[in-house]
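These notes concern the structure reproduced below.
Numbering (UniProt numbering), first residue to last: 1 to 223.
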């Protein structure tokens, strides 16, 4: 709002500052100056009020903006935390599922390895037992032949025939062939089995050895 200047006419100033009296004293210089002073004071007061209002408006505007920004930042942080929590939960589920799959695969592979190793061990044990049984059969035949020869040396000419063969002598062509028997799985080791057979041979009485020799002489006897 612009201040009126002295160049304005008194008639124009009378519209802004009406006087209480309708006489010609309104156009005097004293009245005009007092009105100007009053107007200047009001204008100054209005400017001060306006400046104060602008300062307060700027202050409250900054506070409002800060509150809005803080609220938005809080919402953004909360949203990020929620997303991070959701991602962490899903990642944990996937990791647990992956561990479960790994556990099942390892369990299946261990079962297969155990089964294969058990089959291989079973085959190896069967092979070892077959070899031990063959060795035992050979040792049994040797023991029987040794018993026959021992009896033959002791009973030579006692019950021998006219050709002077020892008692219990068997011609090579007449020795019965050994037929395979059902296999027996021994839990002993090879040297333990041989030691047992040697002990049996030593503890065998002469009558028992004679009985074994008679069984060998029998053609229908099969080992």
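Backbone N, C-alpha and C define an ideal beta-carbon position, used for all residues, glycine too.
Classify residue i as helix, strand or coil using the three-state DSSP reduction.
i	result
residue 189	coil
residue 66	helix
Regarding residue i and the ligand PLP, is the C-beta to nearest heavy atom distance less than 6 Å?
i	result
residue 101	For the ligand PLP, the structure offers nothing, since it holds no ligand at all.
Please return the same chain residues whose Cβ sits closer than 7 Å to the Cβ of residue i, not counting the five positions on each side in sequence.
i	result
residue 113	none
residue 37	none
residue 136	193
Excluding the 5 residues preceding and the 5 following residue i in the sequence, name in chain order all residues of the same chain whose CB lies nearer than 6 Å to its CB.
i	result
residue 197	139
residue 96	none
residue 108	none
Suppose the cutoff is 8 Å on Cβ atoms and the five residues either side in sequence are ignored; what does the same chain contact list for residue i look like?
i	result
residue 81	none
What alpha helix (DSSP H) runs, 4 residues minimum, are completely inside the segment 72-145?
-> none
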